Structure formats: C-alpha cells, structure tokens
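Colleague: Take this structure, written in structure tokens, and hold onto it; I'll ask about it next.
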Amino acid sequence: MKTRMPESFSRACIAALCMVLSTGSVADIRRTSTGLPDLTGNYDSGSITPVERPRELGEQRFMTPEEAHEKIKGAADALAFAENRSSDPNRGAPVKGGDGINAFGAGNVGGYNSWWVDPGSDIVAIDGKFRTSILYDPPNGRYPPMTPKGMMKIADNFSSFIHDNDGTASWLDQPRGPFDNPEDLALAERCLLGFSAGPPMLPGLYNNFKRIVQTETHVMILVEMVHDARIIRLGSEHPPEDVQLWLGDSIGHWDGDTLVVDTTNFREDTGLYGGDENLHLVERFTLREDGNLLYNFTVNDPTIWQAPWSGEYVWKRSDVGVFEYACHEGNYAMGNILRGARRLEREEIARRAQSAGE
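Below you can see the structure in the form of structure tokens.
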C-alpha cells in the first residue's frame, strides 16, 4: 500500500533542501571518483591579514567590510609606492657596517625596491566575516608567552640575524661567535627550512603558492617557499619517536569532508621558528564551494610555548603554478659570510697585536 505525504510536508522538505544547497551542500565541491573532496590544484596563500592581531585591538576578532577595504587599499598603495621608487644606478657601496636600511629583507646594507615581493593583496572573509588576525586562539590573537627554553632557542636561532654589524669582529672575545660555522647560521640562511614554509604554513613576503596532489592513499603539498614537499600518508601511523624528520611525520584522515593532518616526529630544529622535537601540529583542510581552501592549524609545543595556539585563513584557488625555489643552488652568500667573518677576525687580531707592540 502506497502512502502520500502531505503536500505541506513535501514543500517543507524541498525548501529545506534548497536552503542546504544554497548555503554550500556537499554536492557543490569538487570530488574524486570515489566521492572524496578533491583538493588537487594550485593555491595562493598570500594574505595581508596579519598573523598576530595588533595589540590595540585586544580580543576584537573581526573588522567591518569597510575597514577591510581600507586596509587592502592602504597595503596596495604602500606597496605600489615602494615598488615605483627608483634605485640610483650610480650609488656606491653601503657604508662600512651597513647603512641601517633593513626594509624588505635588506639585511642592513641597503635594499631593492619592492618589485620582487608578493605578500598578498587581500583579506579573504571566512563565513562572511573579515578577521583581524590569522591567529584566533589565544583570544587576543597573539602568540602565547614562550618558556625560558623557547626564548633561548629563538635567540640562538636568530643570533646571526640580530648581530649588530659594526664592521668589526666584535664577537672575537666570546666563547662562540655568530659566524663560527655554517651550522651557526639560521636554517633559513642555510636554505634548509624556514621563512613562512613551516609547517604550519603561513603567508610570507613572497613565494606563497602551494600545489596539492591527491591520491586515495597520499596527499602531497608542494610549498613554493624553500621548495618543500610534504608527503601525507592517509590511514597510517607515526613511526617510533626516535625517527625524526625536518618536516615532521604527517599522517592524515578524513573527518567528513575535512582532511585532518597530524604531524609529529620533528627534529630539534624545525621550520617553525622556536619549535622543537616536541612540536605536535594538527591541520585541517576544508574545500569550499568557491574552490578555495580553508586552512586551520593548532600548534602544541609545551617545551617552547606556555599554551597551544591556533589560526585559520584561506588559500585561494589559482591557475598560476608553483615556481622552483632554488635557494641553496645559488647560495653563494653562505661562503661569503664565513669568509668575511674570518677576514674581520684576522684584521682584529692584527690590530690588537699592533697595539700591544706600541
């Protein structure tokens, strides 16, 4: 015997279905032949949304569309001004010890204009709201305090960056100098890890593109910055703790339509500044119906930070491919840094010997 649903019930069901479809149903995203969300493609993760929220905003998590528009316009105007600033082709070498110009990574020895930087140009709304920062936990949108070990690790990692270059071997009387060995330089200077590559992967000054290749058993994320390739095994387990990798060991599983990636087994030095072998990272990748990817992450490293911290932002779908980042192949500066340090040491030793003989 067939029964007929009341017409009012049928209309209600149809209306509910239309509402689901209009707000982003599971049928509105790209899928593989087996029905999984298809993450394969190129993405631009550049963004002018700051990683940390400005202190004056406190726990204000969102900004108005008008405020977002003003920030986007202001960033574009500032970048255009710097990009159009002409470089003097007849300028001489920087003064000894540096000229104090450290904009756009100039290293205190003068810099180019901003033609070569590409930090991003917009603030993408999440759930219709514009975030004031990528970090949302802690509630103030800022990194939690570091432990004493974490602060020491950061200072050691950036010792060659923050060295006050006065043109002399000022470190000569110290037990350890910032340029004694290649290993004393930061991982980023050695083209091993760093900048914004992570993991977690954050917007940087340039090279913000990602390429994802997905199969039924693996997901590969090619990170343009430093040209890292993260291999994520699906439905797998982590190896023993003594197996440690530069990028950590990443395993993933599907939670509905979200890819959840759990990464552990890091080395003592990681691509996350300050992170150590106790770093535990959980990332969530959710494909949106507009083709963009919502990237969410939580960092837990109790020996470095006093509390976990989380962030979220959008990777924009792009037709632009990932370019090769051949950093170390052309890293002639590494040898020059060490040779320059040895020369300064010889000069200082000679100066002291001369002074002692007078």
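Under our numbering, the residue at position 111 of the sequence shown is numbered 152, and the numbers go up by one with no gaps.
Where a beta carbon is used, it is the ideal one built from N, C-alpha and C, also for glycine.
Since the model is a prediction, treat every value here as computed from it, not as a measurement.
Take the Cβ of V284 as the centre, count every other Cβ of all protein chains shown within 10 Å, and call the residue buried at 16 or more, exposed below.
Modeller: By the neighbour-count rule (16 or more Cβ atoms within 10 Å), V284 is not buried but exposed.
Colleague: Identify every residue that forms a DSSP beta bridge with H294.
Modeller: Per DSSP, V301.
Colleague: Counting only runs that start and end within the stretch 340–389, where is the beta strand (DSSP E) found for 3 or more residues in a row?
Modeller: Taking only runs of at least 3 residues, the beta strand (DSSP E) segments lying wholly in the stretch 340–389 are 350–359.
Colleague: What is the DSSP secondary structure of N181, reduced to helix, strand or coil?
Modeller: Residue state, collapsed to three classes: coil.
Colleague: What did DSSP end up calling N321 once you bin it into helix, strand or coil?
Modeller: Checking the displayed sequence, the identity of residue 321 turns out to be His instead of Asn. Looking at H321 - three-state DSSP - the assignment turns out to be strand.
Colleague: What does the alpha-carbon distance come out to for the pair N248 and E265?
Modeller: Going from the Cα of N248 to the Cα of E265 covers about 6 angstroms.
Colleague: Do you know offhand how far P241's Cα is from R217's?
Modeller: Straight-line Cα distance between these residues: approximately 31 angstroms.
Colleague: When the distance is taken between beta carbons, is A227 closer than 7 angstroms to E7?
Modeller: Here the chain covers residues 42 to 399 and nothing more, so residue 7 does not appear.
Colleague: Taking all protein chains shown into account, do 16 or more other C-beta atoms lie within 10 angstroms of the C-beta of W350, making it buried, or fewer, making it exposed?
Modeller: Classification for W350: buried.
Colleague: Tell me whether the beta-carbon of V158 lies closer than 7 angstroms to the beta-carbon of V355.
Modeller: Contact: no.
Colleague: State the DSSP-derived secondary structure class of I167, mapped to helix, strand or coil.
Modeller: If DSSP states are grouped into helix, strand and coil, I167 belongs with the strands.
Colleague: Rounding to the nearest angstrom, what Cα-Cα distance links I345 and N181 in this structure?
Modeller: Roughly 19 angstroms separates the two Cα atoms.
Colleague: So, G312 versus G235, is the Cβ gap smaller than 7 angstroms?
Modeller: Yes, the pair counts as a contact, with Cβ atoms nearer than the cut-off.
Colleague: Please report how far the alpha carbon of A196 lies from the alpha carbon of V302, in whole angstroms.
Modeller: Taking the straight line joining both Cα atoms gives about 30 angstroms.
Colleague: Nearest CA to the CA of D360: which residue from P160, R308, R252?
Modeller: Comparing Cα-Cα distances from D360 to each of P160, R308, R252, the minimum goes to R252.
Colleague: Is the stretch 327–344 close to the stretch 114–121, with three or more CB pairs under 8 angstroms?
Modeller: Judged by Cβ distances under 8 angstroms, the stretch 327–344 makes no contact with the stretch 114–121, as fewer than three pairs qualify.
Colleague: Hey, out of T188, R102, W156, E108, whose CA is closest to A348's CA?
Modeller: The residue with the shortest Cα to Cα distance from A348 is T188.
Colleague: Nearest by alpha-carbon distance to S162: which of E230, R94, P280, D85 is it?
Modeller: Looking at the Cα atoms, D85 is the closest of the given residues.
Colleague: Would you grab the beta carbon distance between L80 and W295 for me? Rounded to a whole angstrom, and I think it's under 8 angstroms.
Modeller: Actually they are not in contact, since the Cβ atoms of L80 and W295 sit about 11 angstroms apart, beyond 8 angstroms.
Colleague: Please return the same chain residues whose Cβ sits closer than 6 angstroms to the Cβ of T73, not counting the five positions on each side in sequence.
Modeller: Within the same chain, T73 has close Cβ partners D79.
Colleague: Buried or exposed for S88, going by 16 or more other Cβ atoms inside 10 Å?
Modeller: Classification for S88: buried.
Colleague: Which value, in whole angstroms, describes the spacing of the CA atoms of Y373 and V254?
Modeller: Cα to Cα, Y373 sits roughly 33 angstroms from V254.
Colleague: Is the Cβ-Cβ distance between S174 and R231 less than 7 angstroms?
Modeller: Their beta carbons are not under 7 angstroms apart, which means S174 does not touch R231 by this criterion.
Colleague: Any idea if S396 is buried or exposed, counting beta-carbon neighbours within 10 angstroms, 16 or more meaning buried?
Modeller: Under this definition S396 is an exposed residue.
Colleague: Taking just the CA atoms, how far does Q215 sit from L379?
Modeller: Rounded to the nearest angstrom, the two C-alpha atoms are 17 angstroms apart.
Colleague: Quick test of your reading: P343 and N319, contact by CB under 8 angstroms. State the CB separation rounded to the nearest angstrom.
Modeller: Yes, they are in contact, since the Cβ atoms of P343 and N319 sit about 7 angstroms apart, within 8 angstroms.
Colleague: Identify which residue in L286, L328, R308 has its Cα closest to the Cα of L300.
Modeller: The candidate whose alpha carbon is nearest that of L300 is L328.
Colleague: Between which two residues does the alpha helix (DSSP H) holding D159 run?
Modeller: Per DSSP, D159 belongs to no alpha helix (DSSP H) and is neither H nor E.
Colleague: Nearest to I272 by alpha carbon, out of E278, V260, H279?
Modeller: Among E278, V260, H279, the Cα nearest to that of I272 is on V260.
Colleague: Taking the CB atoms as reference points, tell me whether N306 and L322 lie closer together than 7 angstroms.
Modeller: It is not a contact, given that the beta carbons lie outside the stated cut-off.
Colleague: Any idea which residues DSSP pairs N83 with across the strands?
Modeller: According to DSSP, which records beta bridges pairwise, N83 is partnered with R252, S359.
Colleague: Are there 16 or more other CB atoms within 10 angstroms of the CB of E324, so buried, or fewer, so exposed?
Modeller: By the 10 Å Cβ count, E324 comes out buried.
Colleague: For R358, which residues from the same chain have a beta carbon less than 7 angstroms from its beta carbon, with the 5 sequence-adjacent residues on both sides left out?
Modeller: Taken in chain order, the residues that qualify are G82, Y84, G332, N333.
Colleague: For N198, which residues in the same chain have their Cβ closer than 8 angstroms to its Cβ, ignoring the five residues on either side in sequence?
Modeller: Taken in chain order, the residues that qualify are A227, L228, D310, Y314, G315.
Colleague: Do you know how far the Cα of P185 is from the Cα of N341?
Modeller: In a straight line, the C-alpha of N341 is about 11 angstroms away from that of P185.
Colleague: Going by DSSP in three states, I262 sits in which element: helix, strand or coil?
Modeller: Correct three-state label for I262: strand.
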